[in-house]
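Enquirer: If you use our numbering, the sequence shown corresponds to residues 16 to 476, in order. Ideal Cβ placement from N, Cα and C applies to all residues, glycine included. Pasting in a structure now, in structure tokens, and then I'll have a few things to ask.
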Amino acid sequence: MVKWSANDWALDLGEISSFPPIGVMYVAAYLKEYSHHEVIIIDAIAEKINYEGLQKIFSEVKPNIVGITSFTYTFYDVLKTAQLAKKTNPTVHVCIGGPHTFLFPDETMRHPEVDSMIIGDGEIAFKELIDRIETGKKFEGINGVVVYRNGDKIVRVGETKYIGDLDSLPFPAIDLLDFKKYYSTFGRSSSMATICSSRGCPFKCTYCQVPDKKYRMRSTENIIDEMLFYYDKGIRDFYFFDDMFNITSRRVISISEKILESRMKNNITWLFRGRVDNISADMLRIARMAGCKQILFGVEDYTDGGLKKIKKMITIKQAFQSVELAKKYGIETSTNWILGFPHHKSKQDIYDLIDTAIRINSDYAQFSILQLFPGCEMYRECVKEGCLTPDRWSNFVKNPIANYQVELYTKNLSAKELSYLYREAHIRYYRRISYILRRLLRIRSFSELKAKARAALAILK
Ligand code: B12
Ligand code: SF4
16 MVKWSANDWA LDLGEISSFP PIGVMYVAAY LKEYSHHEVI IIDAIAEKIN YEGLQKIFSE
76 VKPNIVGITS FTYTFYDVLK TAQLAKKTNP TVHVCIGGPH TFLFPDETMR HPEVDSMIIG
136 DGEIAFKELI DRIETGKKFE GINGVVVYRN GDKIVRVGET KYIGDLDSLP FPAIDLLDFK
196 KYYSTFGRSS SMATICSSRG CPFKCTYCQV PDKKYRMRST ENIIDEMLFY YDKGIRDFYF
256 FDDMFNITSR RVISISEKIL ESRMKNNITW LFRGRVDNIS ADMLRIARMA GCKQILFGVE
316 DYTDGGLKKI KKMITIKQAF QSVELAKKYG IETSTNWILG FPHHKSKQDI YDLIDTAIRI
376 NSDYAQFSIL QLFPGCEMYR ECVKEGCLTP DRWSNFVKNP IANYQVELYT KNLSAKELSY
436 LYREAHIRYY RRISYILRRL LRIRSFSELK AKARAALAIL K
């Protein structure tokens, strides 16, 4: 991981949760279902496999093709993994996919260890790429965008074709992973599954670089079938990790109704990441009955003026009301906040944000320092203003280094001040005695206690 904060204190997300790599699981499931290729998944983070271990696996398995999922902030390790694959077997084909590919295809392809990239939905495109590698055919005409090297030239073929009918995809390949390795502070039982019930997001928040603006939903029946598929494997906690789950409250009601009609009734808990608009009493009532235990709200800023500037299309009143209403129906809430927007002019602004986060009285709060990726409106504005260096991220991709320090927006507050306030936000929020007592009283199981104690140590260290 790159370094998001400029001091030694940074929240170690690994202490709080470890989620299954859902993108890779989708791609693997498609290969298993629609091809004769043999496929394995290595989640080196969850399995705690170091580079030596990885090299051993490469030597033993002798893969013909290695596909690596990539985030820009993990690119140092993505490239190291590609290098290791090539070192073990110089003829292996290394293909990179994932959210990073949208941002820096050219810079990524400068690395000779990377043979190709797939930009966007990977299921169909990766299968076709492998088929063509096997039969020695050209990549032109593949269903999706492929970037590859032809001699000295980097060639890009195909156009973005999002998979419209998400119901047609096989469910993520859970059987290729050890589900015991995944955990989270939020859940009550020790194993959980993450679900993407839709892809993309139609909103245009200025700080967010969601690559896919085309919103596509799965049918309620297909979502319930996926939950049952996990349920039959003993999983009882479900996390909806869509960019945009509650696009309407009707959608949530419909999913809840179907859960209540199924054999999962009264036996599962679930949570979703949602917006504070599109929340209604009817929705919360039935969602609670169907096992919804928590909603993670993206609030981000603490005034209507600020929310307007970031085009969040919500008001702070809606945030207070939705948290309050969820509480009324027995659903826990977590709120997300961003420190250091360009309109946060002073330390006092951040303290006011922290106070608002405390006043809103959600069960949890997560604070981050503003991090901008190319591709979002705010990044472009900041570069235009001269407040961010245009090539910082692309230079990192060209020459990734360990513990790379992310450039922060420091026109108003220095990196040290922001990092201090980031820690201060967590401490002020989580060290309140009233808060600690409330949380202790709500713990229901030993695995929940273990997960929460682990998270508390990470936050309060
Ligand atoms: C859910 C989510 C989370 C969850 C869970 C993450 C997880 N490990 O599952 C939480 C909330 C914990 C989280 C945290 C963070 N996240 Co996040 N997250 C997302 C989100 C909303 C959805 C990811 C997802 O599950 N998508 C669904 C699957 C099906 O799609 P997919 O992964 O893209 O996979 C498809 C294709 O990309 C492709 N593909 C993927 N891998 C591969 C591999 C090969 C070989 C091939 C061919 C194809 C391929 O095929 C897949 C199927 O079509 C994305 C936004 C987005 N829409 O991408 C951000 C996103 C990935 N997160 C992001 C960031 C920055 C973070 C944080 C660093 C934020 C922070 N500062 O704390 C942390 C880091 C956490 C960590 N330690 O990894 C950024 C990454 C930006 C970048 N360019 O690197 C994104 C894009 C959001 C954004 N716009 O800023 N995140
Ligand atoms: S922050 Fe959320 S609502 Fe806004 S564009 Fe990104 S995913 Fe959509």
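(1) Verify whether the separation of the beta carbon atoms of LYS327 and HIS358 is less than 7 Å.
(2) Can you pull every residue whose C-beta falls closer than 5 Å to some heavy atom of the ligand SF4, listed in chain order?
(3) On the DSSP letters alone, give me the boundaries of the beta strand (DSSP E) that ALA208 sits inside.
(4) Starting from MET132 and walking both ways along the beta strand (DSSP E), at which residues does that stretch end?
(5) On the three-state DSSP scale, how would you describe TYR344?
(6) Does the pairing of the region 112 to 123 with the region 412 to 419 give three or more beta-carbon distances under 8 Å?
(7) Could you please give the first and the last residue of the uninterrupted beta strand (DSSP E) stretch that includes SER383?
(8) Nearest by alpha-carbon distance to MET242: which of ILE262, GLY215, LYS229 and ILE210 is it?
(9) Could you tell me if ILE346 is buried or exposed, where buried requires 16 or more neighbouring beta carbons within 10 angstroms of its beta carbon?
(10) Give the range of the beta strand (DSSP E) segment to which ILE375 is assigned.
(11) Check the DSSP bridge columns for GLY82 and list the partner residues they point to.
(12) Please determine whether the Cβ atom of ASP136 lies at a distance below 6 Å from any heavy atom of the ligand B12.
(13) Run through the DSSP bridge pairs and tell me what ASP252 is partnered with.
(14) Hey, ILE169 and ALA470: beta-carbon distance below 7 Å or not?
(15) Based on the DSSP output, what are the partners of ARG231 in its beta bridges?
(16) Please state whether the Cβ-Cβ distance between THR348 and ASP378 is less than 7 Å.
(17) Taking the Cβ atom as the reference point for each residue, do ALA305 and ILE274 lie within a distance shorter than 7 Å?
(18) Looking only at its chain, what residues have a beta carbon closer than 7 Å to the beta carbon of LEU436, apart from the 5 residues adjacent to it on each side?
(19) Report yes or no: do the region 41 to 52 and the region 137 to 152 share at least 3 C-beta pairs separated by less than 8 Å?
(20) Note down, in chain order, each residue of its chain lying with its Cβ closer than 8 Å to the Cβ of THR221, except the 5 sequence neighbours on either side.
(21) Using a Cβ distance threshold of 8 Å, determine whether the region 448 to 458 contacts the region 50 to 65, with at least three qualifying pairs required.
(22) Count the other CB atoms within 10 Å of the CB of GLU315; is the residue buried (16 or more) or exposed (fewer)?
(23) Mapping DSSP to helix, strand and coil, what is ILE164?
Expert: According to the structure shown:
(1) no
(2) In chain order, the residues with a C-beta atom nearer than 5 Å to some heavy atom of the ligand SF4 are CYS216, PHE218, CYS220, CYS223, VAL225 and ASP258.
(3) 207 to 210 is the span of the beta strand (DSSP E), which, as asked, contains ALA208.
(4) 131 to 134
(5) Assigned with DSSP and collapsed to three states, TYR344 falls in coil, not helix or strand.
(6) yes
(7) 379 to 384
(8) ILE210
(9) buried
(10) Here ILE375 belongs to no beta strand (DSSP E); instead the alpha helix (DSSP H) covers 362 to 375.
(11) Partner residues in the beta bridge of GLY82, as assigned by DSSP, are CYS110.
(12) Within the cutoff, so yes.
(13) MET207 and THR284
(14) Not closer than 7 Å, so no.
(15) ARG214
(16) yes
(17) yes
(18) Setting aside the 5 residues that flank it on each side, LEU436 is surrounded in the same chain by LEU354, LYS362 and ILE365, each with a C-beta closer than 7 Å to its C-beta; the list follows chain order.
(19) yes
(20) LYS324, ILE325, LYS326, CYS391, GLU392, MET393 and GLU396
(21) no
(22) buried
(23) It should be noted that the sequence gives Arg, not Ile, for residue 164. Look at ARG164 here: in three-state DSSP terms it is strand.
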